[in-house]
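In the numbering used here, the protein residues as written are 45 to 471.
Just so you know, even glycine gets a beta-carbon here, dropped at the ideal spot from N, CA and C.
Below: one structure, written as structure tokens.
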């Protein structure tokens, strides 16, 4: 890698280990939280797909019309409500108003609400066809189909990417390859899922045999097939040698890749059922599901989701354990460091106080101290300390501290036990 990339890696490592691993612990906690959210969504999706059977495309119109029929059956004609003058009697003499004794018994019309409408999850499987293929006849059936640049196969979804492949030396230990995206194009035409031949003999004559697939606002992956994958080498120049010697990246080739969703591909759609303005069923992606279009059948999809859910569970357990350990270690280290700083600050303050008192005592040595104010132990400094609990002020601060921290701390006058000392200042 280049020098700036080494510096960036070192800076990121220092940032991760900052605060005795506190930043790393917070990052691992966020990762664990996201893993558990993904595990919860996969578990809920697995349960929803288990509870949803595969529906034939010909039966989707029935599912679309069923909620409307149920809503019409729920709307009942309300009973005749008595006029207001029969429920309210106004007495002018007493100014009293008689209200209905049970106003909640009055029947109210049901108000339809869009917020309480639940999404109808469906699973359908069919073959990919263009919208014109099922709605037109003759030569116009393939008019909307897309044709890739490198293969003659028709498709409804074409994705082409061109990527520069770059190579550089990494600290004389080997060569690494990087890719830079140069161009990305995507073409989509409206397409549907039509029933397979196995279901044609069972479809009613008055039912639609296809369902529209709506990819708007869908962020789910699409089961594309790679039909072209070729690396076009870039010829080396005299400047390429210097780029390799000084560790700079130099282009090796241009990777051209093309993926399509071909016509006739049999796929499964797992989404929410809606209705188009003309009454035809439409399947849209659901944000609460991790998948929309797949080449797997329902049974294979259940197996894949179950294995991914199990992997996410154990990954969440592992990441949560590591995050808890790193955060616990960081918190203990920071707490211990804070306590040590507090003790150092307190000891520093105590040493400064002792130094100030020593300076004051040394200054007093040069003064004339009356005989009644001399320390009874050293007979050199003024009496400044009073013992607790007897209250005798007979020692200087230095001698009083030595008495207090001795093996048997007792007052030199009354021989009572000493539990502490207090500095006494003259007014």
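Residue pairing for residue 258: DSSP places it in a beta bridge opposite 328. A straight-line Cα-Cα distance of about 26 Å links residue 368 and residue 88. Shown here, residue 300 sits in a strand according to DSSP, grouped into three states. Taking 8 Å as the cut-off, the beta carbon of residue 232 is found no closer than this to the beta carbon of residue 188. Checking the DSSP bridge columns, you'll see residue 418 partnered with 426.
Shown here for residue 443: same chain residues with a beta carbon closer than 6 Å to its own, the five before and five after excluded, namely 419, 421 and 422 in chain order. Scanning 415, 432 and 74 for the CA closest to the CA of residue 460 turns up 432. Taking every protein chain shown into account, the CB of residue 274 has fewer than 16 other CB atoms within 10 angstroms, so this residue is exposed. Judged by DSSP in its simplified three-state form, residue 365 adopts helix.
Ranked by Cα distance from residue 85, the options 391, 335 and 205 are led by 335. For the pair of segments examined, the segment 198-209 was found to touch the segment 292-309: the number of CB pairs separated by less than 8 Å reaches three.
In this structure, DSSP gives residue 227 an extended state, which the three-state scheme calls strand. Around the beta-carbon of residue 101, 16 or more other beta-carbon atoms lie within 10 Å, marking it buried. For residue 171, the pairing in a beta bridge is given by DSSP as 238 and 310. Look at residue 105 here: in three-state DSSP terms it is helix. Shortest Cα-Cα distance from residue 463 to any of 314, 469 and 446 involves 446. DSSP, read as helix, strand or coil, puts residue 340 in coil. Close CB contacts of residue 454 within its chain, under the 8 Å cut and outside five residues either way in sequence, are with 447, 460, 461 and 462 (chain order).
The Cβ atoms of residue 302 and residue 192 sit closer than 8 Å to each other. Taking the CA atoms as reference points, residue 330 sits about 10 Å from residue 263. A straight-line Cα-Cα distance of about 26 Å links residue 272 and residue 313. Separation of residue 256 and residue 66 (C-alpha to C-alpha, rounded to the nearest whole angstrom) is 51 Å. Residue 343 sits exposed, since fewer than 16 C-beta atoms from the chains shown fall within 10 Å of its C-beta. For residue 445, DSSP records no beta bridge to any residue. With a 10 Å radius around the Cβ and a threshold of 16 neighbouring Cβ atoms, residue 225 comes out exposed. Just measuring C-alpha positions, the residue of 169, 322, 92 and 82 sitting nearest residue 98 is 169.
Across the set 341, 276 and 209, the C-alpha of 341 shows the shortest separation from the C-alpha of residue 267. Residue 211 and residue 195 have their C-alpha atoms roughly 30 Å apart.
Residues 258, 315, 316 and 318 of the same chain have their beta carbon placed closer than 7 Å to that of residue 328, with the five preceding and five following residues left out of the count. The residue from 235, 299 and 228 with its alpha-carbon nearest to that of residue 171 is 235.
If you look at residue 467, you'll find it in the beta strand (DSSP E) that goes 464-467. Assignment of beta-bridge partners to residue 461 by DSSP yields 454. Counted as a single uninterrupted DSSP element, the beta strand (DSSP E) harbouring residue 275 occupies residues 269-277. Looking at the DSSP output, residue 199 shares a beta bridge with 190 and 306. About 22 Å separates the Cβ atoms of residue 311 and residue 353, ruling out a contact at the 8 Å cut-off.
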